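Q:
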Amino acid sequence: MSHHLFILSPSDTPIYSLTYSSTKPAGTISSPLSSNLPTWSTSAFAGTLTALSGASSQTQHTSGGGVRIGGGQDRHVIQMIANASLDAVEDVMRKENTMYLKSVDKFNEWTVSAFITPGNSKFILLHEGKNDEGIRGFFMEVWELYVKTMMNPFYSAQRTVRSNVFDGRVRAAAKKYL
Amino acid sequence: MSSAYAHPHPRLVSSVASAASSPTASSSRFSLPSAATLVNASKSGAGHRPNIYDRNLNKTRVAEVSGSAFSFLFSEVVQYTQKRVSGINDLERRLNTLGYRVGIRVLELMIWRAESSSKMPKREIRLLPALMSIHTHVWRAVFGRPADALEKSVENADEYMIIDNDPLIERHISVPKDLSQLSCSSFTAGIVEAVLDGLGLPARVTAHSTPTAQFPSRTTILVKLEKSVLEREDLLK
């Protein structure tokens, strides 16, 4: 099952993103919408439409566990889900004083968990299935790495993080916890 | 990179040598190391450069910085800034911006040190606890002791004041008469502004000298909160 991590600066500029596929099996989440949906296969936006309606998970299950391409796994759909979850995150973060906000939003097979750093940066993680403790551990490690990045005087808040070491460490943390 | 330095062009070698031996280079004000030693240093240090991600963030938690070194650095900061501005307002604004850069880092690091070991790390979302934490924790992290007072303005509901009787950064500063409006604590104000911004409580923060007979360098950091902050506070009540 795959995970998508986005790190947003305090002004919601994406500064880092990571797609990580873990070897652990995905929990099956049934989507009621997918069964009674017409197939708009001729439309140019078919991929997006089926993804939005949740039909993708069914087609993927019937095709028999190959590489999952298109549908709910499309890059632009993932980004849209992550962006849309910001509304839910901002709603919750005004009331909740914890940094780790688990399962703030749900979209088809995706669950969105978030982590708000004290300086108002956001880590958004799209995941399938439930893994609260693992995700908490993952976020804590990413937070430490993020603080270390911030301490660098040459780092400014709007810039993307391009350090290979940062990337490697985040991947290692993902491997450990997700 | 290293192969380029292994066999330097003969012309380069001779020019480096002549530059190092010339009287103008050796009598330079800050006695910079000559180009030749710089090349050697970079060669021997290659591969040993520490990575910022390997450093432990708690290593310097209780470390203290020499007061004279800091005063010297801050005096250079003020001089550098003053050369590049046209008036007091501009100077204060620039010091504020420099403080802001410090503040965003102070906030993130301070909270990380306090909360990273906890199971449920918490953020501050209410106004008064946030101001209290600035008065106590931020001051302790930056200046080694809490500020002297936190007051609410009687006239304006959106104004709060943090008072420091003897600000550390002004201990060796005497402001000339023609700049009497200036408060170098604008730097501190910038730190406070960054912390409030980070916590989602945007405000305009300024510094003002408010000397008393007992404390001649007493400074008030005035926090003027944005309207949205107060509205949200009312909703959270």
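Here the protein sequences line up with chains A and B, keeping their order.
Each residue of the first sequence is one higher than the last, beginning at 15 in my numbering.
Each residue of the second sequence is one higher than the last, beginning at 652 in my numbering.
Yeah, the Cβ is synthetic: ideal placement off N, Cα and C, and Gly gets one too.
Since we're looking at a predicted model, the values are computed, not measured.
1) What are the start and end residues of the alpha helix (DSSP H) that includes Ile762 of chain B?
2) Rounded to the nearest angstrom, what separates Thr688 of chain B and Asn166 of chain A at their Cα positions?
3) On the three-state DSSP scale, how would you describe Thr131 of chain A?
4) Output yes if chain B places a C-beta closer than 8 angstroms to the C-beta of Ile149 of chain A; else output no.
5) Ser170 of chain A lies in the beta strand (DSSP E); which residues open and close that run?
6) Hey, would you say Pro772 of chain B sits closer than 8 angstroms to Tyr114 of chain A, going by beta carbons?
7) Is the CB of Leu689 of chain B under 8 angstroms away from at least one CB in chain A?
8) Just to confirm the assignment, what range does the beta strand (DSSP E) spanning Pro28 of chain A have?
9) Any Cβ of chain A within less than 8 angstroms of the Cβ of Trp912 of chain B?
10) Consider the Cβ of Tyr34 of chain A: report whether some Cβ of chain E lies at a distance smaller than 8 angstroms.
11) Is DSSP giving Leu708 of chain B helix, strand or coil here?
12) How is Met812 of chain B classed by DSSP in three states: helix, strand or coil?
13) Please classify Gly754 of chain B as buried or exposed, where buried requires at least 16 other C-beta atoms within 10 Å of its C-beta.
14) For Thr871 of chain B, tell me which candidate among B:Asn816, B:Glu759, B:Phe794, B:Asp705 has the shortest Cα-Cα distance.
15) Compare the C-beta of Met652 of chain B with all C-beta atoms of chain A and state if any pair is closer than 8 angstroms.
16) Compare the C-beta of Ile785 of chain B against all C-beta atoms of chain A and say whether one is closer than 8 angstroms.
17) Indicate whether Val819 of chain B and Leu760 of chain B have their beta-carbon atoms separated by less than 8 angstroms.
18) Would you decide whether Lys120 of chain A is buried or exposed? Buried here means 16 or more other CB atoms lie within 10 Å of its CB.
19) Spatial neighbours of Pro853 of chain B within its chain, please: CB distance less than 8 angstroms, with the 5 preceding and 5 following residues excluded, ordered by chain position.
20) Helix, strand or coil for Asp119 of chain A, going by three-state DSSP, please let me know.
21) What residues from the region 119-131 of chain A come within 7 angstroms of chain B, judged by C-beta to C-beta, listed N to C?
22) Using DSSP's beta-bridge definition, name the partner residues of Lys828 of chain B.
23) Terminal residues of the continuous alpha helix (DSSP H) containing Ser726 of chain B?
24) Under 9 angstroms between beta-carbons, which chain A residues line up against Ser879 of chain B? List them in chain order, please.
25) If the criterion is Cβ atoms closer than 8 angstroms, does the pair Ala798 of chain B and Ile813 of chain B meet it?
26) Anything in chain A within Cβ reach of Asn747 of chain B, meaning under 7 angstroms, just list it in chain order.
27) Assign Val161 of chain A to one of three DSSP states: helix, strand, or coil.
28) Please report the straight-line C-alpha distance between Met94 of chain A and Leu139 of chain A, rounded to a whole angstrom.
29) With 8 angstroms as the threshold, decide whether the Cβ of Ala828 of chain B is near any Cβ in chain A.
30) List the DSSP bridge partners of Ser16 of chain A.
31) Going residue by residue through the region 92-118 of chain A, where are the continuous alpha helix (DSSP H) segments of at least 4 residues, counting only ones entirely within it?
32) So, does the region 713-733 of chain B touch the region 800-810 of chain B, judging by three or more C-beta pairs under 8 angstroms?
33) Bridge partners of Phe866 of chain B, per DSSP?
34) Count the other CB atoms within 10 Å of the CB of Phe194 of chain A; is the residue buried (16 or more) or exposed (fewer)?
35) Whose Cβ in chain B lies nearer than 8 angstroms to the Cβ of Phe180 of chain A?
36) 8 angstroms is my cut-off, CB to CB: does Arg756 of chain B come that close to chain A?
A: Reading from the atomic positions:
1) Ile762 of chain B -> alpha helix (DSSP H) spans 739-766.
2) Low per-residue confidence applies at Thr688 of chain B: pLDDT is 48, beneath 50, and the placement is therefore not dependable, though the value from the model is reported in the following sentence. Between Thr688 of chain B and Asn166 of chain A, the C-alpha separation is close to 27 angstroms.
3) coil
4) Using a Cβ-Cβ cut-off of 8 angstroms, Ile149 of chain A does not count as an interface residue toward chain B, since no Cβ of chain B sits closer than that to its own.
5) Per DSSP, Ser170 of chain A belongs to no beta strand (DSSP E) and is neither H nor E.
6) yes
7) For Leu689 of chain B, the pLDDT reaches just 49, beneath the cut-off of 50, and the residue's location in the model is therefore unreliable, although a value from the coordinates is still provided. Chain A contact via Cβ: absent.
8) 28-35
9) With chain B covering only 652 through 888, there is no way to say anything about residue 912 of chain B.
10) Looking at the structure shown, chain E is missing, and the protein chains on hand are A and B.
11) coil
12) In this structure, Met812 of chain B counts as strand in the three-state DSSP scheme.
13) Buried, because 16 or more other Cβ atoms sit within 10 Å of the Cβ of Gly754 of chain B.
14) B:Asn816
15) At Met652 of chain B, the pLDDT of 42 sits below 50, so the modelled position is not reliable and the matter cannot be decided from this model.
16) It does not; no Cβ of chain A falls within 8 angstroms.
17) For the sequence presented, residue 819 of chain B should be read as Leu rather than Val. Not a contact, by the Cβ cut-off of 8 angstroms.
18) exposed
19) Leu847, Leu876, Glu877, Ser879, Val880
20) strand
21) Ile130, Thr131
22) Partner(s): none; Lys828 of chain B has no beta bridge.
23) 718-733
24) Those within 9 angstroms of Ser879 of chain B in chain A number zero; the least Cβ separation is about 11 angstroms.
25) yes
26) Going along chain A, no residue has its Cβ under 7 angstroms from Asn747 of chain B, so there is no contact; the nearest lies around 17 angstroms.
27) Val161 of chain A falls in the helix class under three-state DSSP.
28) If you take the alpha carbons of Met94 of chain A and Leu139 of chain A, they lie about 13 angstroms apart.
29) Looking at the sequence itself, residue 828 of chain B is Lys, so the reference to Ala does not match. No, no contact with chain A.
30) A:Ser35
31) none
32) No, because fewer than three Cβ pairs between the region 713-733 of chain B and the region 800-810 of chain B fall closer than 8 angstroms, the two stretches do not touch.
33) In DSSP, Phe866 of chain B forms no bridge with anything.
34) Since the first and last residues shown for chain A are 15 and 192, residue 194 of chain A lies out of range.
35) For Phe180 of chain A, the residues of chain B that pass the 8 angstroms Cβ criterion are Tyr704, in the order they occur in the chain.
36) yes
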